[in-house]
Amino acid sequence: MKATIRSNIKNLPYSLHDMCVTEMRILDDGLNMSFQNGFVSTTEPYEQIEGSVQFHGVDWDFCYVYILDFCDNIGSFTGRKQFLIDFMPMFVNQNFTIIDETYGYNQSKFSGFLSVGIKIKECMIEVYHLGDMEYITEK
Numbered sequence: 002m003k004a005t006i007r008s009n010i011k012n013l014p015y016s017l018h019d020m021c022v023t024e025m026r027i028l029d030d031g032l033n034m035s036f037q038n039g040f041v042s043t044t045e046p047y048e049q050i051e052g053s054v055q056f057h058g059v060d061w062d063f064c065y066v067y068i069l070d071f072c073d074n075i076g077s078f079t080g081r082k083q084f085l086i087d088f089m090p091m092f093v094n095q096n097f098t099i100i101d102e103t104y105g106y107n108q109s110k111f112s113g114f115l116s117v118g119i120k121i122k123e124c125m126i127e128v129y130h131l132g133d134m135e136y137i138t139e140k
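Numbering (my numbering), first residue to last: 2 to 140.
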């Protein structure tokens, strides 16, 4: 029997955990996500760095947002699924706090909490991109 290993992704330069997305903007070939306070370096001294993330070669037909109406660990829920491009114009005066980031074949997925006024909803954002994901930093 032959075993083939898919290595865990451990070499990310920055962590988006607990970072707050404040704006999503369409680029020529993709998407820009801006953060309230940037993101955190995964190497010592673990600095918080101002910046944004850009996704290139985005295929909007396969980018989705899932919004769950109830925040809880388990059980039944209601919610909606929509195209990310349709969600973006509504993402005004809202914040999306990323709890988990997952990366796979041509995909970046983020799960966390969407603040809509005083309401908090569970949210997942899937970005399907054929190009790179870039961290754009101030320094």
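Think of the CB as a built atom: it goes at the ideal place given N, C-alpha and C, for glycine as much as any other residue.
Keep in mind that this is a model prediction, so the values were computed, not measured.
* Asked: Do the CB positions of E51 and E139 come within less than 9 Å of each other?
  -> Within the sequence shown, the letter at position 50 stands for residue 51. Within the sequence shown, the letter at position 138 stands for residue 139. Taking 9 Å as the Cβ cut-off, E51 and E139 qualify as a contacting pair.
* **Neighbourhood of F111 by C-beta, 6 Å cutoff - its chain only, sequence neighbours within 5 removed** => Taking the first residue of the sequence shown as 1, we reach residue 111 at position 110. Hits under 6 Å: I99, E102, I126.
* Asked: So, helix, strand or coil for I126, using DSSP?
  -> Translated into positions along the sequence shown, residue 126 becomes position 125. I126 falls in the strand class under three-state DSSP.
* Asked: Counting along the chain, where does the alpha helix (DSSP H) carrying L85 start and finish?
  -> Here residue 85 corresponds to residue number 84 of the sequence shown, with the count starting at 1. Unbroken alpha helix (DSSP H) run through L85: 85–88.
* If you count every other CB in all the chains shown that lies within 10 Å of the CB of G105, and 16 or more means buried, which is it? -> Reading the sequence shown from its first residue, position 104 is the one you call residue 105. Label assigned to G105: exposed.
* Since R7 sits in a beta bridge, which residues does DSSP pair it with? -> Here residue 7 corresponds to residue number 6 of the sequence shown, with the count starting at 1. Partner(s): none; R7 has no beta bridge.
* **Alpha-carbon spacing of Q83 relative to M2, whole angstroms** => Translated into the one-based positions of the sequence shown, residue 83 becomes position 82. Translated into the one-based positions of the sequence shown, residue 2 becomes position 1. So the two alpha carbons sit approximately 43 Å from each other.
* To do: Determine the DSSP secondary structure at D133, reduced to helix, strand or coil.
  => Your numbering for residue 133 matches position 132 in the sequence shown. Coil at D133, not helix or strand.
* From the DSSP output, read off the bridge partner residues of H57. => Position 56 of the sequence shown holds residue 57. For H57, which the question treats as bridged, DSSP gives the partners G31.
* Asked: What are the boundary residues of the beta strand (DSSP E) that includes V66?
  -> The sequence position of residue 66 within the sequence shown is 65, counting from 1. That run of the beta strand (DSSP E) goes 65–69.
* When you compare only the Cα positions, how much space is there between D30 and G113? -> Here the question's residue 30 lines up with position 29 in the sequence shown. Here the question's residue 113 lines up with position 112 in the sequence shown. Cα atoms of D30 and G113: separation of roughly 26 Å, rounded to the nearest angstrom.
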